[in-house]
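Notes for the one structure printed next.
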Amino acid sequence: MIPAAGLVVGLVIGLFVHPEVPVGLQPYLPIAVIAALDAIFGAVRAVLDGIFDDKVFVVSFLSNVVVAALIVFLGDQLGVGSQLSTGVVVVLGLRIFSNVASIRRHLFKA
0 MIPAAGLVVG LVIGLFVHPE VPVGLQPYLP IAVIAALDAI FGAVRAVLDG
50 IFDDKVFVVS FLSNVVVAAL IVFLGDQLGV GSQLSTGVVV VLGLRIFSNV
100 ASIRRHLFKA
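When we follow numbering that gives the first Met the number 0, the leftmost residue of the sequence shown carries the number 0, and every step to the right adds one.
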């Protein structure tokens, strides 16, 4: 219940405060969001499978975001930022769809 309340509070604050992302960090925000979504869907899958561990979730969440941002940063430094960003989106997107498929199979037995 506490995570759901935190999510609602965060959404309400975001809607009223309208935070601005600095221009230098804007390329990293979509990648960080996708990495965070990957960790969240992985956590939902783990809960349904009965193997959820909060420490694993926190480490997975933070490491996904940091590693994805570092890959995009490295790509920017090498001059191939958009290609590495696309690679990160594809890999994390595949993981998200895999987790969603597992969640669907678990919930609907299909």
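No residue lacks a Cβ here, since even glycine has one placed at the ideal position from N, Cα and C.
Here the alpha carbons of V16 and A34 stand approximately 24 Å from one another. Two segments are said to touch when three or more pairs of C-beta atoms, one from each, lie closer than 8 Å; by this definition the stretch 61-78 touches the stretch 86-97. Taking A68 as the centre and dropping the five residues before and after it, the same chain places the C-beta of Y27, I30, A31 closer than 7 Å to its C-beta, in chain order. Look at V11 here: in three-state DSSP terms it is helix. If you draw a 10 Å sphere on the C-beta of A42, you find 16 or more other C-beta atoms in it, and that means buried.
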